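Report on the structure given below.
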Amino acid sequence: DAMVIQNPRYQVTQFGKPVTLSCSQTLNHNVMYWYQQKSSQAPKLLFHYYDKDFNNEADTPDNFQSRRPNTSFCFLDIRSPGLGDAAMYLCATSRERVINEKLFFGSGTQLSVL
Amino acid sequence: RKEVEQDPGPFNVPEGATVAFNCTYSNSASQSFFWYRQDCRKEPKLLMSVYSSGNEDGRFTAQLNRASQYISLLIRDSKLSDSATYLCVVMEGGNTGKLIFGQGTTLQVKP
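Going line by line, the protein sequences match chains C and E. No gaps in the numbering here: position 29 of the first sequence is 37 in the numbering used here, and each next residue is one more. No gaps in the numbering here: position 32 of the second sequence is 755 in the numbering used here, and each next residue is one more.
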């Protein structure tokens with residue numbers, strides 16, 4: 009049974025049209041991460057939540073926002089998608105932010121921007 | 724310089740071959756090290772953690788050299804099902820839990 013669920017699996021949006029990607033977890037984990045992975049590149053951390061505490065990466069564009077209304081759900085909002093934002097978006101969770109703590113990944117949302 | 728560097732390959736090997744992947748990392752304060760496997764258009768999946776003493780899981784052996792900031796993965800007796808991209812991953816020091824991924828090395832095992 010999937011423990012980290014991302015919807016939708018594939019998302020197509022238009023240039024400049026806001027889009028929201030969702031992630032839910034049944035693990036009751038404290039930490040939820042959003043990674044962006046472009047074709048043939050490494051996954052890159054955008055931001056993470058530790059409980060309700062939002063932690064943005066310094067180089068994440070302002071175009072990317074996130075919400076975590078409760079422990080189970082986390083959303084990635086792209087306010088004005090550009091062609092360069094086409095990528096796989098991966099949600100991951102972990103129980104705590106400590107060394108050797110395992111991350112659980114969702115199956116990802118593949119975003120296309122037309 | 725990238726924080727985690729890998730040879731992207733691809734490595735094309737016949738079934739049964741032994742293949743080795745290498746990885747270097749730049750932050751000497753990094754605390755945890757992993758190899759992940761990623762199939763095309765799928766999420767990364769943890770293959771194994773990497774310890775200084777070296778560790779083995781079946782046909783897979785991982786090694787860490789902290790002095791040289793170098794990580795390796797050895798796959799013996801390659802199977803067709805081993806074809807995938809192998810990501811070298813380093814956990815940043817401090818209480819962030821942040822994983823830094825390498826670009827990945829692509830392996831194609833041929834019959």
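In this text, a Cβ means the ideal position worked out from N, Cα and C, and glycines have one as well. As the structure is a prediction and not an experimental result, all values here were calculated from the model.
- With fewer than 16 other Cβ atoms from the protein chains shown falling within 10 Å of its own Cβ, S804(E) counts as exposed.
- Proximity of the region 95-107 of chain C to the region 37-45 of chain C meets the contact definition, three or more beta-carbon pairs being nearer than 8 Å.
- For T819(E), at least one C-beta of chain C is nearer than 8 Å to its own C-beta.
- Here DSSP, grouped into helix, strand and coil, assigns S772(E) to strand.
- Setting aside the 5 residues that flank it on each side, F824(E) is surrounded in the same chain by V727, L810 and V812, each with a C-beta closer than 7 Å to its C-beta; the list follows chain order.
- Contact with chain E is absent for G90(C), since none of that chain's Cβ atoms lies less than 8 Å from the residue's Cβ.
- Residue contact check for N108(C) against chain E: a CB pair falls below 8 Å.
- Put simply, the backbone Cα of K765(E) is about 14 Å away from that of V12(C).
- About 17 Å separates the beta carbons of T808(E) and L797(E), which is beyond the 8 Å limit, so they are not a contact pair.
- Chain-order list of chain C residues neighbouring L769(E): K110, by C-beta distance under 7 Å.
- Between Q826(E) and Q754(E), the CB-CB gap reaches or exceeds 8 Å.
- When C-beta distances to chain E are compared with 9 Å, the residues of the region 41-61 of chain C below that value are Y41, Y43, Q45, S48, Q49, A50, P51, K52, L53, H56 and Y58, in chain order.
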